[in-house]
Amino acid sequence: MFAEIITIGDELLTGNTIDSNSAFIAQKLTERGYWVKRITTVGDDVGDIKTVIREVLSRKPEVLIIAGGLGPTHDDVTMLAVAKALNLELELREDALRRIEEFYLELYEKGFIDDPKINEARKKMAYLPRGAEILNNPVGAAPGAFLIHGGTKIFVLPGMPREMKAMLENEVLPRLGRRVFVQKKLLAEITDESKLAPILNETLSKFRVKIHSSPKGFGKYIGIILFGESEEEIERAKEFMEERGIRFEEV
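Numbering of the sequence shown is given in the working numbering, commencing with residue 376 and proceeding in unit increments.
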């Protein structure tokens, strides 16, 4: 099973904001047994977002997670872009609007804002692609959306890390189920990654694992992460490499 991630925001492309969202999402998907094949970042432009979504869907991932651009400001255009990419209309969701009203009223009662009334900017967040399932945002105003298109599960989440993380944990992961998945972190006692490469290639051809290597410069160790669907397969791959002269230390 493979997945892709799209993060959205001009601030990511200019370097003014570090994209921590994609790393968090990728880690959680990996833990669930998904191979994250691509992470794409795109700015706040409806046409660009639509194009990227369609490109991703053409590769038919099992899961696509989109993060960013769900707020009330003029450059929060992700829901519109998703709708256009899927040839859907946006529709006002009264249930989402009620949740947004409750959120701003709560902020007003706590003294955080001066006016709880729903203006057009706030109302905009209640528009979702037709047929989408609302994803509840427990710590923010903007709801997310869940759709299935051509066999791909599409999740649209806010870009604020606190909101994204809460919704990923509470709304997304339960809809993905759990698959047996194992990763083992090791340090290979070898000074030159080029000498390790042919052994890794041979291992990949013989075992149902994926391998990530992280060179530490020309020092004593190279970091290795083995990914597989069982402890047994991981251990067989490790033993195979040890038989070819690689010594490991577990991290």
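The beta carbon of each residue, even a glycine, is placed where N, CA and C say it ideally should be. Being a predicted model, the structure only gives us computed values, none of them experimental.
When you compare each of the options to residue i by their alpha carbons, which one comes out closest?
| i | options | result |
| --- | --- | --- |
| A632 | M542, K570, K425 and E604 | For the chain, the structure presents residues 376 to 626; residue 632 sits outside this window and is missing. |
| E544 | L562, N462, P513 and A563 | P513 |
| F582 | F615, E466, K560 and L465 | F615 |
| F556 | L439, I621, Y479 and L601 | L601 |
| E495 | H449, H524, N462 and N511 | H449 |
| L561 | D423, K403 and I609 | I609 |
| L404 | L575, K540, L480 and G598 | K540 |
| L439 | I586, E564, E430 and G422 | E430 |
| E577 | S589, E617 and E604 | E617 |
| I599 | Q558, L472 and S580 | Q558 |
| G519 | L480, A471, T382 and I493 | A471 |
| L571 | P590, K585 and V584 | P590 |
Go ahead and pull the three-state DSSP assignment for residue i.
| i | result |
| --- | --- |
| S397 | helix |
| R434 | coil |
| F377 | strand |
| T527 | strand |
| K492 | coil |
| E464 | coil |
| E624 | strand |
| S569 | helix |
| E386 | helix |
| V514 | coil |
| G519 | strand |
| L532 | strand |
| V557 | strand |
| L445 | coil |
Does residue i come within less than 8 Å of chain D when only Cβ atoms are used?
| i | result |
| --- | --- |
| S589 | Although the question refers to chain D, the structure presented lacks it and comprises just one protein chain. |
Drop a sphere of 10 angstroms on the beta-carbon of residue i, count the other beta-carbons inside from all chains shown, and report buried for 16 or more, exposed for fewer.
| i | result |
| --- | --- |
| P549 | exposed |
| D567 | exposed |
| L484 | The question names Leu, yet the displayed sequence has Glu at residue 484. Classification of E484: exposed, given that the 10 Å Cβ count is below 16. |
| F530 | buried |
| D451 | buried |
| K348 | Because the chain in this structure spans residues 376 to 626, residue 348 falls outside the shown range and cannot be described. |
| D394 | buried |
| P573 | exposed |
| E469 | exposed |
| M376 | exposed |
| I400 | buried |
| N511 | exposed |
| N462 | exposed |
May I ask which residues mark the beginning and end of the beta strand (DSSP E) holding residue i?
| i | result |
| --- | --- |
| R413 | W410 to V417 |
| L510 | E508 to L510 |
| F602 | Y596 to G603 |
| K613 | Looking at the DSSP string, K613 is not in any beta strand (DSSP E); the run it does join, the alpha helix (DSSP H), is E606 to E618. |
| H587 | V584 to P590 |
| L503 | Y502 to P504 |
Alpha carbon to alpha carbon, how far is residue i from residue j?
| i | j | result |
| --- | --- | --- |
| E624 | W410 | 25 Å |
| E437 | E476 | 34 Å |
| A456 | D420 | 8 Å |
| E606 | K613 | 10 Å |
| R497 | L482 | 13 Å |
| R619 | M542 | 45 Å |
| L704 | I441 | Since the displayed the chain opens at 376 and closes at 626, residue 704 lies outside it and no answer follows. |
| E379 | M535 | 19 Å |
| L432 | T527 | 7 Å |
| G486 | S588 | 51 Å |
| E538 | G515 | 6 Å |
Output the boundary residues of the alpha helix (DSSP H) element that contains residue i.
| i | result |
| --- | --- |
| P549 | L548 to L551 |
| L472 | E469 to E484 |
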